[in-house]
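Novice:
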Amino acid sequence: MNTAATLVARLPRPRTARLLDRLALRAGIALVAWSTRERRLPPTHAEVAALRHERAALQDRERRTALQRLPR
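The sequence shown begins at 0 in numbering that gives the first Met the number 0 and counts up one residue at a time.
Okay, here's the thing in structure tokens:
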């Protein structure tokens, strides 16, 4: 395609071309990451309650082991 526009148009300066390449690469990586993200439903009430119960049990266990380490 040999038109007047292609004859007049110049390639961007090397520094600008590098910046544009880096920007395009980052945009492409972000697009791939977004499109392949894991699509999960929000947790149910039962799952949230189970996680809270598990966390409370872990904190209780840590508290007990910390108390056992205290000198008498």
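Even for Gly, the Cβ is constructed at its ideal location relative to N, Cα and C.
For E61, report the span of its alpha helix (DSSP H) as first-last.
Specialist: For the purposes of this step, residue 61 is identified with residue 62 of the sequence shown, where counting begins at 1. H44 to R68 is the span of the alpha helix (DSSP H), which, as asked, contains E61.
Novice: State the start and end residues of the unbroken alpha helix (DSSP H) segment that holds R21.
Specialist: What you label residue 21 is simply residue 22 of the sequence shown in a count that begins at 1. From DSSP, the alpha helix (DSSP H) with R21 extends over P13 to S34.
Novice: Going along the chain, which residues of its own chain have a beta-carbon closer than 6 Å to the beta-carbon of H39, five neighbours each way excluded?
Specialist: Residue numbering aside, residue 39 sits at position 40 when the sequence shown is read from its first letter. According to the sequence provided, residue 39 is Arg. The question's His does not apply to it. Closer than 6 Å at Cβ, skipping near neighbours: no residue.
Novice: Taking Cβ positions, are P13 and L19 nearer each other than 8 Å?
Specialist: To locate residue 13, count along the sequence shown from 1; it is residue 14. To locate residue 19, count along the sequence shown from 1; it is residue 20. No, the pair does not count as a contact, with Cβ atoms beyond the cut-off.
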